[in-house]
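J.: Take a look at the following structure, please.
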Amino acid sequence: MRQRVLQGRFAVLRYFVVPGLALTLGLGSALGQSGAPPSPEQAGKAAAGAAEAAKENQRKTDEFAEAAQAINGPAGNPECVWLGRRVVRLMWRDDLDTAFRHLDLYDRFGCPGGHVQAAFRCLTRFGAQIDDKVQKSLDDRVHACWVNPNAQPQVAAAPAPAPTTAGSAASAPAATPAAAATPATK
């Protein structure tokens, strides 16, 4: 008899313990999520972050549109542009395992592999202009090389020769061959 009474008590407790435990967990998480309303300063930061994210998304969209206009064929498709630029960037950073996995996906979309090769060749030409500490410089250069893989870095203009005077020794040899080339008339 005693055993039945104990089993009955445990059965009653089971009906209250499980819902009580669920209620306690639910209240704990609800109280943890609620808090003080954001201050105007925090609300301003959130709005600025949202505006910056929208601007970044617009920039990406513009880059894809630019690539589609500049490149004829499948290399201008958005998926090819995104994957191809990613492959070139990973190759530049010497992450070849990941680059090859992305390259497999790039090929699977039917994108031309030669464009990746040409864009990477272009990127290596501009290697001196890429600052490793500035992420944007690499991304901008990869995009520029993707859009125009035949781009060449601009070489610095050669310094102009120093002006010479008529009496200097440097001008005398230049005048001598010209005088020897013309016959003397007398």
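Letter 175 of the sequence shown, counting from 1, is numbered 213 in our numbering, and no numbers are missing.
No residue lacks a Cβ here, since even glycine has one placed at the ideal position from N, Cα and C.
Nothing here was measured: the structure is a model prediction, and the numbers come from that model.
What residues in its chain sit with their C-beta under 7 Å from that of residue 145, if we drop five residues either side in the sequence?
T.: Sequence index remark: in the sequence shown, residue 145 carries index 107 (1-based). Closer than 7 Å at the Cβ level, and outside the excluded window around residue 145, lie 151.
J.: Please determine if the segment 156–163 and the segment 183–190 are in contact, where contact requires at least 3 C-beta pairs separated by less than 8 Å.
T.: With a cut-off of 8 Å, the segment 183–190 and the segment 156–163 count as touching, because enough Cβ pairs lie within range.
J.: Take residue 96 and list the residues in its own chain whose beta-carbon comes closer than 7 Å to its own, dropping the five residues that flank it on each side.
T.: Residue mapping note: residue 96 aligns to position 58 of the sequence shown, counting from 1. No residues qualify anywhere along the chain.
J.: Between residue 128 and residue 136, which are expected to be in contact by the criterion C-beta below 8 Å, what is the C-beta distance as a whole number of angstroms?
T.: Position 90 of the sequence shown, counted from the first residue, corresponds to residue 128. Position 98 of the sequence shown, counted from the first residue, corresponds to residue 136. Correct: roughly 5 Å between the Cβ atoms.
J.: Which same chain residues, not among the five before or five after residue 141, have their C-beta less than 6 Å away from its C-beta?
T.: By one-based count along the sequence shown, residue 141 stands at place 103. 125.
J.: Apart from the five residues on each side of it in sequence, which residues of its chain come closer than 8 Å, Cβ to Cβ, to residue 174?
T.: Counting from 1 along the sequence shown, the entry for residue 174 is found at position 136. Once the five neighbours on either side are set aside, residue 174 has no close Cβ partner at all.
J.: Can you tell me whether residue 101 is buried or exposed? The criterion is at least 16 other CB atoms within 10 Å of its CB, across all chains shown.
T.: Numbered from 1 along the sequence shown, position 63 holds the residue referred to as residue 101. So residue 101 counts as buried.
J.: If you reduce the DSSP assignment to three classes, tell me which class residue 151 lands in.
T.: Stepping through the sequence shown from its first residue, residue 151 is reached at position 113. Here residue 151 sits in helix by DSSP.
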